[in-house]
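Chemist: Under this note's numbering, read the sequence shown as residues 12 to 182, first letter to last.
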Amino acid sequence: MKNLEIKARIGDISQYKALCRQIGARRIWTKKQIDTYFKVPKGRLKLREEGSQKNELIYYQRREGTNKRWSDYDIAPVSRPAAVKRLLGKAYGIAIVVDKKRLLYQYKNARIHLDEVRHLGSFLEIEIVVKKDELQAKALMRTLLDALGLPQDAFIKESYSDLLHKRKNRR
Numbered sequence: 012m013k014n015l016e017i018k019a020r021i022g023d024i025s026q027y028k029a030l031c032r033q034i035g036a037r038r039i040w041t042k043k044q045i046d047t048y049f050k051v052p053k054g055r056l057k058l059r060e061e062g063s064q065k066n067e068l069i070y071y072q073r074r075e076g077t078n079k080r081w082s083d084y085d086i087a088p089v090s091r092p093a094a095v096k097r098l099l100g101k102a103y104g105i106a107i108v109v110d111k112k113r114l115l116y117q118y119k120n121a122r123i124h125l126d127e128v129r130h131l132g133s134f135l136e137i138e139i140v141v142k143k144d145e146l147q148a149k150a151l152m153r154t155l156l157d158a159l160g161l162p163q164d165a166f167i168k169e170s171y172s173d174l175l176h177k178r179k180n181r182r
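1. Enumerate in chain order the residues of its own chain whose CB-to-CB distance from glutamine 33 is below 8 angstroms, with the five nearest sequence positions on each side excluded.
2. With a Cβ-Cβ cutoff of 8 angstroms, do tyrosine 27 and valine 109 count as a contact?
3. Which residue marks the beginning of the alpha helix (DSSP H) containing aspartate 157, and which one marks its end?
4. What are the boundary residues of the alpha helix (DSSP H) that includes aspartate 173?
5. Work out the CA separation of proline 162 and lysine 169 for me, nearest whole Å.
6. Give, in chain order, every unbroken run of the beta strand (DSSP E) that is at least 3 residues long and sits entirely within the segment 32–110.
7. Nearest to isoleucine 123 by CA position, among Arg38, Lys13, Arg181, is which residue?
8. Sorted by chain position, which residues of the same chain lie with C-beta nearer than 7 angstroms to arginine 59's C-beta, five sequence neighbours on each side aside?
9. Rounded to whole angstroms, what's the CA-CA distance from arginine 129 to alanine 150? Just pull it up for me.
10. Cβ of tyrosine 48 within 8 angstroms of Cβ of lysine 42?
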């Protein structure tokens with residue numbers, strides 16, 4: 012599958028909750044997510060744990076370094092996350108763990124995430140699933156960015172795992 016995505020650092024999550032409601036986005040859920048990243052030679056591999064709910068193994072590749080990024084990904088459900096984490100940890104090693112509270116909104120084929128990431132702060136992510144063509148995804152991204160009014164200096168090019176690595180290395 013393919014996504015077009017952006018990430019921005021935000022201050023007040025409640026402001027963006029209100030904006031999501033104003034544009035007609037549907038609130039889907041709020042969940043705690045633990046993403047364990049493994050040291051793989053290519054792309055990124057993470058185990059996403061949501062408690063006793065849905066757990067997934069997610070592999071993705073994307074070109075970093077731009078505000079709007081295209082991402083190719085595959086997802087597999089995981090029924091025994093502890094066993095998978097132990098096995099992949101032995102095989103590859105654990106790179107980093109991202110702990111976040113995520114609020115998900117849906118607008119057309121876009122997912123809007125309002126995230127509170129432990130040790131990093133608050134963020135807004137938009138992921139647009141490419142259904143027909145990339146032009147539709149780009150147009151929808153422009154529409155959402157205009158509606159949400161994110162300042163240009165809020166956009167970040169790194170993943171949460173990269174930001175946590177930087178934070179860890181500064182200590």
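Cβ atoms here follow ideal geometry from the backbone N, Cα and C, with glycine treated the same way.
Modeler: Walking through what the data contain:
1. The beta carbon of glutamine 33 lies closer than 8 angstroms to those of Ala158 in the same chain, with the five residues before and after it left out.
2. The Cβ atoms of tyrosine 27 and valine 109 do not sit closer than 8 angstroms to each other.
3. For aspartate 157, the enclosing alpha helix (DSSP H) stretches over residues 145–159.
4. That run of the alpha helix (DSSP H) goes 171–181.
5. Looking at the sequence shown, residue 169 is not lysine but glutamate. For glutamate 169 and proline 162, the gap between their C-alpha atoms comes out near 17 angstroms.
6. Counting only runs of 3 or more, we get 37–49, 55–60, 67–73, 80–88.
7. Among Arg38, Lys13, Arg181, the Cα nearest to that of isoleucine 123 is on Arg38.
8. The residues are Gln44, Asp46, Asn66, Glu67, Ile69.
9. Those two C-alpha atoms are separated by around 32 angstroms.
10. In this structure, lysine 42 does not lie closer than 8 angstroms to tyrosine 48 by Cβ.
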